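To keep things clear, I will list the structure first and then write my remarks on it.
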Ligand SMILES: [Ca+2]
Ligand SMILES: [Ca+2]
Ligand SMILES: [Ca+2]
Ligand SMILES: [Ca+2]
């Protein structure tokens, strides 16, 4: 591995005003197009399994089994209303005055559907329907949460004054996903990057150890660039702590692995060592928000090493509207993540190709920056762009899945994330495509209680 030190390639991602790209690899587009058409019967089989299993949620109670809501036409007298409700054998639980809706209990032996149908046939009835159970959502108390459109987009103002507002629901459905799980502190996400700021108030309690610094060859992966802290915050910032932002993997922990220098450049050899070290030191998920344009067998083998240990590797596709970078392009062993924006539209700069699996927000994403990053009068948070910001959303989701269902294999987790994604560009590219893969990830759908039969 002696000549690996000569292979110095750029980190792609450069959310924080640092963008170094490398060009020059020759690849044949047609060859890739052919590859894309290869039938993937295995994948199809698993899509069917997931789709059929997903009905479990709709079979769960969606409305109260013994109640209906009914409203009478405005001219119907109170006496007639009460007489009618008695006639149907119902018992009034309460009346919602402003809407003039009666919540009533139906007699035993009659289903909600039968009662609704009977009431709707009555000419005095204006409306009748089930008493649906609203799905509650988990909203954390982090002070900057409202700026995190990527997690919860209501079309709010999320940026500096004058920045665009997004489209409601162009988000990863974090608040409803967190109803299923907020993650297990035993689940560890390794961040192969520039290190993490150990002093940051919104992540310092989420870091499992000093990690490993391969660039400086020491045991404290201190972030001298900012990129790694930013990436780690998206995946697993301290959440519901009345400070800063929420992380996707609310309770999961991070393991810092420093492979870049302070400019954000890394040797392949260090990235390879970092992946193997993380795999051997407790990582359940590995996030790699960096990449180079040259393939490398050792890099591929490092990914395979992690994959063989059932570790989910998530990698950024790249930011220059070109082919997918390495290691994201190692198709079998990782999830390659493209970037969408606050309108659920693929960003113009996101890399594309048959290796893209899913997309996640990568435009104007709020996260943490090291405490030394800004002048002291600024909060240590920033908005950043890049597939670097997209990947850790997916890594966070993988960690939540691993927390909820530790028995799932790496392929199960990757497939759940793929097949539960929303095909948000179905108008132009129906189904899986090379721009956003299966679509923008959906935590709510991915974390639904389903059984996977193998
Ligand atoms: Ca160090
Ligand atoms: Ca926080
Ligand atoms: Ca892939
Ligand atoms: Ca599509």
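In this note's numbering, the protein residues as written are 62 to 515.
C-beta: ideal position from N, C-alpha, C; glycine also.
Keep in mind the model is a prediction, meaning the values are calculated, not measured.
Any non-hydrogen atom of ligand 4 within 8 Å of residue i CB
{"i": "residue 493", "result": "yes"}
{"i": "residue 487", "result": "yes"}
{"i": "residue 490", "result": "yes"}
{"i": "residue 144", "result": "no"}
{"i": "residue 565", "result": "Outside the displayed range of the chain (62 to 515) lies residue 565, so it cannot be described from this structure."}
{"i": "residue 343", "result": "no"}
{"i": "residue 484", "result": "yes"}
{"i": "residue 500", "result": "yes"}
Any non-hydrogen atom of ligand 2 within 8 Å of residue i CB
{"i": "residue 290", "result": "no"}
{"i": "residue 308", "result": "yes"}
{"i": "residue 211", "result": "no"}
{"i": "residue 457", "result": "no"}
{"i": "residue 201", "result": "yes"}
{"i": "residue 352", "result": "no"}
{"i": "residue 304", "result": "yes"}
{"i": "residue 298", "result": "yes"}
{"i": "residue 301", "result": "yes"}
{"i": "residue 263", "result": "yes"}
Sheet register partners of residue i (DSSP bridge)
{"i": "residue 387", "result": "353"}
{"i": "residue 375", "result": "348, 396"}
{"i": "residue 140", "result": "Answer is none; residue 140 lacks a bridge partner."}
{"i": "residue 451", "result": "In the DSSP output, where bridge partners are listed per residue, residue 451 has none listed."}
{"i": "residue 504", "result": "Paired residues: none, contrary to the question."}
Distance, residue j Cα to residue i Cα
{"i": "residue 404", "j": "residue 352", "result": "26 Å"}
{"i": "residue 200", "j": "residue 235", "result": "9 Å"}
{"i": "residue 35", "j": "residue 144", "result": "Outside the shown range of the chain (62 to 515) lies residue 35, about which nothing can therefore be said."}
{"i": "residue 413", "j": "residue 397", "result": "10 Å"}
{"i": "residue 94", "j": "residue 394", "result": "Note that residue 94 scores 32 on pLDDT, short of 50, meaning its location in the model is unreliable; the coordinates nonetheless yield the value given after this. About 20 Å."}
{"i": "residue 460", "j": "residue 448", "result": "19 Å"}
{"i": "residue 424", "j": "residue 210", "result": "10 Å"}
{"i": "residue 420", "j": "residue 271", "result": "31 Å"}
{"i": "residue 360", "j": "residue 329", "result": "7 Å"}
{"i": "residue 91", "j": "residue 344", "result": "Since pLDDT at residue 91 reaches only 29, below the 50 mark, its modelled position is unreliable, and no value is offered."}
{"i": "residue 366", "j": "residue 427", "result": "32 Å"}
{"i": "residue 189", "j": "residue 430", "result": "53 Å"}
{"i": "residue 128", "j": "residue 484", "result": "36 Å"}
{"i": "residue 509", "j": "residue 474", "result": "13 Å"}
{"i": "residue 165", "j": "residue 501", "result": "41 Å"}
beta-carbon residue i near ligand 3 non-hydrogen atom, thresh 8 Å
{"i": "residue 364", "result": "no"}
{"i": "residue 360", "result": "no"}
{"i": "residue 440", "result": "no"}
{"i": "residue 395", "result": "yes"}
{"i": "residue 416", "result": "yes"}
{"i": "residue 389", "result": "yes"}
{"i": "residue 472", "result": "no"}
Burial state of residue i (16 or more Cβ within 10 Å)
{"i": "residue 266", "result": "exposed"}
{"i": "residue 206", "result": "buried"}
{"i": "residue 499", "result": "buried"}
{"i": "residue 175", "result": "exposed"}
{"i": "residue 467", "result": "exposed"}
{"i": "residue 503", "result": "buried"}
{"i": "residue 350", "result": "buried"}
{"i": "residue 2", "result": "No answer is possible for residue 2: the residues shown for the chain start at 62 and end at 515."}
{"i": "residue 184", "result": "exposed"}
{"i": "residue 295", "result": "buried"}
{"i": "residue 88", "result": "Because the pLDDT at residue 88 is just 22, under 50, the model does not fix this residue reliably, and the value given afterwards should be weighed accordingly. Residue 88 is exposed by the Cβ-count criterion."}
{"i": "residue 140", "result": "exposed"}
{"i": "residue 333", "result": "buried"}
{"i": "residue 100", "result": "Only weak support exists for where residue 100 lies, its pLDDT of 35 falling under 50; the coordinates are left without a value."}
{"i": "residue 193", "result": "exposed"}
{"i": "residue 311", "result": "buried"}
{"i": "residue 117", "result": "The predicted position of residue 117 is uncertain, since its pLDDT is 29 and thus under 50; no value can be drawn from it."}
Contact with chain C by residue i, beta-carbon distance below 9 Å
{"i": "residue 365", "result": "No chain C appears in this structure, which consists of one protein chain only."}
Heavy atom of ligand 6 within 8 Å of residue i beta-carbon
{"i": "residue 445", "result": "Ligands present in the displayed structure are limited to ligand 1, ligand 2, ligand 3 and ligand 4, and ligand 6 is not among them."}
- Got a list of residues with beta-carbon closer than 7 Å to any non-hydrogen atom of ligand 1, in chain order? Listed by position in the chain, the residues whose beta carbon lies within less than 7 Å of some heavy atom of ligand 1 are 256, 274, 277, 279, 281, 282, 283, 319.
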